[in-house]
Amino acid sequence: MTPRGGWVGKILRVDLTTRRITESSTFDYVPKFLGGRGLGAKICWDEVPPEVGAFDPENRLIFATGPLQGTLAPSSGRFMVLGKAPQSGPTESFCRSGVGGHFAPELKWAGYDALVVRGKASKPVYLFISDHKAEILDAASLWGLDTYQTQQMLWKLHGQKTRVMVIGRAGENCSRIACILTDTGDASGQGGFGGVMGSKNLKAIAVRGTGAVAVARPKALMQTTRRIHELFARKPAKGNPYEPEEKGFKYNIWGGGYGRGGLSLLPGELQDLCNDSSSGYSQTPDGCFACPVSCRSRVKGPDITGGVAFCAQSYMYLESMIDEPEKGYSKITWQAAKLSDLLGINAYELMAIIPWLADCFHEKLITEKDTGLPLGEIGSWSFISKLLNNIADRQGFGDLLAEGGQRAAAKLGGKAETLSRMYYPRAGKFGGYREHWVYLGGFPTGYALPQLALMWVLDNRDALVSHSFISMLWGAAFTVGQNALTAVPEKISPVLRPVMKAAYGSEEAAEFLQPDGKSLNWKWAAPVVKRYHEHSLLKDSYVLCDILFPYLFNANSLDHVGDDTLESRIYSAVTGVEMSPNESFQKGEMLCTLERALAVRDGRTRQDDIFHDLYFEKQDAGGRRYRREDLEESKTEYYKLMGWDLEMGKPTLATLQRLGLKDVAEDMVRKGVLRS
Amino acid sequence: MAREVNRRTVLKSLTVSALGLGSVVAFGDLISVFALPDGQKVALARAVILADMSLCSGCRICEMVCANLNSMGRNSTSFARLSIEKDYLKGDYQPKLCYQCAEPPCLKACPVDALHVDKKSGTYARVVNEKVCIGCGACVEACGSHFHPSRATFDAERQKSIKCHLCFGDPQCVKSCPLGVLRVERSKKGLLVGYPVIQGD
Chain A
37 MTPRGGWVGK
47 ILRVDLTTRR
57 ITESSTFDYV
67 PKFLGGRGLG
77 AKICWDEVPP
87 EVGAFDPENR
97 LIFATGPLQG
107 TLAPSSGRFM
117 VLGKAPQSGP
127 TESFCRSGVG
137 GHFAPELKWA
147 GYDALVVRGK
157 ASKPVYLFIS
167 DHKAEILDAA
177 SLWGLDTYQT
187 QQMLWKLHGQ
197 KTRVMVIGRA
207 GENCSRIACI
217 LTDTGDASGQ
227 GGFGGVMGSK
237 NLKAIAVRGT
247 GAVAVARPKA
257 LMQTTRRIHE
267 LFARKPAKGN
277 PYEPEEKGFK
287 YNIWGGGYGR
297 GGLSLLPGEL
307 QDLCNDSSSG
317 YSQTPDGCFA
327 CPVSCRSRVK
337 GPDITGGVAF
347 CAQSYMYLES
357 MIDEPEKGYS
367 KITWQAAKLS
377 DLLGINAYEL
387 MAIIPWLADC
397 FHEKLITEKD
407 TGLPLGEIGS
417 WSFISKLLNN
427 IADRQGFGDL
437 LAEGGQRAAA
447 KLGGKAETLS
457 RMYYPRAGKF
467 GGYREHWVYL
477 GGFPTGYALP
487 QLALMWVLDN
497 RDALVSHSFI
507 SMLWGAAFTV
517 GQNALTAVPE
527 KISPVLRPVM
537 KAAYGSEEAA
547 EFLQPDGKSL
557 NWKWAAPVVK
567 RYHEHSLLKD
577 SYVLCDILFP
587 YLFNANSLDH
597 VGDDTLESRI
607 YSAVTGVEMS
617 PNESFQKGEM
627 LCTLERALAV
637 RDGRTRQDDI
647 FHDLYFEKQD
657 AGGRRYRRED
667 LEESKTEYYK
677 LMGWDLEMGK
687 PTLATLQRLG
697 LKDVAEDMVR
707 KGVLRS
Chain B
0 MAREVNRRTV
10 LKSLTVSALG
20 LGSVVAFGDL
30 ISVFALPDGQ
40 KVALARAVIL
50 ADMSLCSGCR
60 ICEMVCANLN
70 SMGRNSTSFA
80 RLSIEKDYLK
90 GDYQPKLCYQ
100 CAEPPCLKAC
110 PVDALHVDKK
120 SGTYARVVNE
130 KVCIGCGACV
140 EACGSHFHPS
150 RATFDAERQK
160 SIKCHLCFGD
170 PQCVKSCPLG
180 VLRVERSKKG
190 LLVGYPVIQG
200 D
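Sequence lines, in order, name chains A and B. Residue numbers for the first sequence follow my numbering, so the first one is 37 and each next one is one higher. Residue numbers for the second sequence follow my numbering, so the first one is 0 and each next one is one higher.
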């Protein structure tokens, strides 16, 4: 069934080597591959073979929207950046990175569902896209500018309504941890696609569109949108945008423990200033396109760099709070976040690099002299400004760190490498991503949970970035008066029973422990993780925001059961294509297998779905541990459920054919990856 | 922003500053206060949408709800009857709404009486009758000579002018704004708002 709405129909293709600009049809890929992450995966399958490296001109840098971008659909400001990722390591492989803000709708209104960039310009250029037209323009005067300055220059040239994706000096210097930023704080960080953009000599992409996206069923879209607004946001009490008008209403993001603007400041110097209306500082909720929540806060003040920040940036330099504890979250904490944005460095990766450097310094594995960094002053402005500038310019030790924490650690080797494993749990050839181990269940700081372990080992990047499962755990924790850091599995299980029945098909799935409480219950790991992957693929392909979807935990109802049919309902309303939740899960399964095929083609096997020994050795806070044989058994069960070969973890021919991926199967046979 | 109150047209009215919004709203005693050149009276609007800019998070839901409902599913801020002017670096968000002017320049400029007062819904909003509109764009130009951007805009696909009609009494943007930025001010006596009370912005 051809979609009647949601798509504008064209994919813009730009070859920077030949300066050729062409268009292809979006309907070569959709509705089969849905959009966003699925669309990008298929383009990569077709066009980026294993021998193409992340920084090779032949790598594709893909900016893919989904059917919902440019419409009223809640949180449809998000889209995906995809391609062969320089951050994945030691093997560069396909990866995805989501980004919010206001760029995606503008691209759609300009007439393009996606942008695929290949080749390498002979000198710095930027791309200007406006209403069915694209131009490659000279960026000599933009090269070297920070991300804010570049955007200001482009707004002067092309108008304030132009939205821009831009790299900073880190991207220009092909750092593997460079991000692509839009506006003041929305960034595609993980994957290191800023470096890919830099390797193509592409400084920025500016878009302005005045067209529209047709919606098949505007009334149905309005109805579902209103329902979602009611679930996630209520108008604030008069005058206070952080407080809902309905007493006790919880905003429902991250299980309801967080509110509007809940992603920015922690208590301390800066928050105090913002709360004092005479100080000239302020903090206000700031919304991505079409999002009812506005989870980010915008911070302004006379002597700070204004803008919005997400958790990654906001909490990147919490070391500053330890350095000057009396100040708490200080101006320095904020300025560090903004400096990483201005230089275009992925703040999430810095959350691993900085504590790892501190560990290495304490163990006397690195010194101030040989790194040229004031390591004795981690937490200070002098440390962070030196570190970030050195990384962005690849100066001295910064050159090594620009390769990302995991690669830098491998180069140093020995104990420095061992210490890095605390932050980069996945062993094997497809690591390179700091995991979200500070979350509930985040072994080794908290409790071990079988589902989390299986998610970690199977993903192409940081597994828990799709917040749905974690949000659900947090929601249960808040309900029983605990929080993300203090939650205990035994205490939250009862709350989770009905919730997990609705989300994952079984009440028993909420039992994370064996009845004796002494070991973990792995029985439900595989089926839960399969559904988690389906949810995640769908959310990234429609493209909706991680923080809202899938909506599994209702903080405002008695049974707390969420509703994971919302996404398919919006999809149907926008495109006019019927999509039952079950059909959508099958799509998710297909896309998950396609991504696995991409990884397998790059050399991934069952052996790469593993984490470092550390995680089997340590006991969690409840005296339990992950056992290697349990994880292996759970992997086997997952592969079985997915129809992948048990020995190697490769999708089988029969599975690929069953899922409608015949061309992928034939390709794999031709390349010798699968036997016919 | 110069906001000169034109006393000439304020008949025994009380001028109040609503919510510190900067917009000046006046409640007139008389329903009709000014006449077109041909002597025809234009009744004051009985409802208008006001915005508290200090609360706006710039999510643009208002624009999208408007376009989705009022432009037959063509989702785009280009087809919205209100707009948010944004400075993304400074975070200065300004919802730009139709004032439903006391002396509507758009209505005055319309050569074919497509622009009229919506008495049927009771809002007395200044609305475009699409069947009559010839797409000359005079209303867009007239509004644009006072207000930026022009609150009446041009739907190039359909060659018609479009402007805020207060959703015939139940403005959907106000309903959907998640931050309570927008509200409807109503008065049976009519509201002395927009031009010439506010001569431009």
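Glycine is no exception: its CB is placed at the ideal position from the N, C-alpha and C atoms.
Annotated three-state conformation of H503(A) is coil, per DSSP.
The Cβ of N69(B) sits no closer than 7 Å to any Cβ of chain A. The shortest C-alpha to C-alpha distance from V516(A) to any of D552(A), A539(A), H596(A), R457(A) is the one to H596(A).
Less than 7 Å divides the Cβ of A269(A) from the Cβ of P328(A). Here DSSP, grouped into helix, strand and coil, assigns F78(B) to helix. DSSP, read as helix, strand or coil, puts M684(A) in coil. By the CB criterion at 7 Å, D576(A) and G228(A) fall outside the cutoff.
Secondary structure note for M116(A): its beta strand (DSSP E) is the uninterrupted segment 115-121. The stretch 552-562 of chain A makes contact with the stretch 661-669 of chain A: 3 or more CB pairs, one atom from each, lie closer than 8 Å. Remark: fewer than three beta-carbon pairs, one from each stretch, lie closer than 8 Å, so the stretch 64-73 of chain B and the stretch 91-101 of chain A are not flagged as touching. For the stretch 580-591 of chain A, the beta-carbon criterion of a distance under 9 Å to any beta-carbon of chain B is satisfied by none of its residues. When CB distances to chain B are screened at a threshold of 8 Å, the residues of the stretch 311-334 of chain A falling below it are T320, P321, D322, G323, C324, F325, A326, C327, P328, V329, S330, R334, in chain order. Straight-line spacing of the CA atoms in E631(A) and P93(A) works out to 22 Å. For a cut-off of 8 Å, the C-beta gap from G304(A) to K363(A) is around 6 Å, short enough to register as a contact. Within 8 Å of the CB of G106(A), the CB atoms of chain B belong to N74, S75, in sequence order along the chain.
Around the Cβ of N311(A), a 10 Å sphere holds fewer than 16 other Cβ atoms; the residue is exposed.
When secondary structure is reduced to three states using DSSP, D699(A) falls in the helix class. By the C-beta density criterion, V111(B) is exposed, having fewer than 16 other C-beta atoms within 10 angstroms. The count of Cβ pairs closer than 8 Å, one atom from the stretch 142-151 of chain A and one from the stretch 257-268 of chain A, stays below three, leaving the stretches out of contact. Taking C-beta atoms as the reference points, V610(A) and G136(A) fail to come closer than 7 Å. Within the model, the alpha-carbon separation for A273(A) versus D645(A) is close to 48 Å.
Interface residue (Cβ-Cβ distance to chain A less than 7 Å): S82(B) is not classified as such. Contact between L306(A) and K367(A) holds, with the beta-carbon distance rounding to 6 Å and staying under 8 Å. For the 7 Å CB-CB criterion, H145(B) and G72(B) do not form a contact. Contact check for Y578(A) against L104(A) passes: the beta carbons are separated by less than 7 Å. The C-beta distance from E142(A) to V243(A) rounds to 5 Å, short enough to meet the 8 Å contact threshold. Just measuring C-alpha positions, the residue of A523(A), D64(A), S416(A), Y351(A) sitting nearest L386(A) is Y351(A).
Contact annotation: in the stretch 81-111 of chain B, residues whose CB is within less than 9 Å of a CB in chain A are E84, K85, D86, Y87, L88, K89, G90, Y92.
For R59(B), the C-beta contacts it makes with chain A under 7 Å involve F325, A326, in order along the chain. The C-beta of G179(B) comes closer than 7 Å to at least one C-beta of chain A.
Counting along the chain, Q93(B) sits inside the beta strand (DSSP E) bounded by residues 91-95. When CB distances to chain A are screened at a threshold of 9 Å, the residues of the stretch 157-175 of chain B falling below it are Q171, K174, S175, in chain order. Counting the other CB atoms within 10 Å of its CB gives I358(A) a total below 16, which places it among the exposed residues.
With a threshold of 7 Å between beta carbons, S56(B) makes contact with chain A. Contact check for C105(B) against L114(B) passes: the beta carbons are separated by less than 7 Å. With contacts defined as CB atoms closer than 7 Å, S604(A) and P617(A) qualify as a contacting pair.
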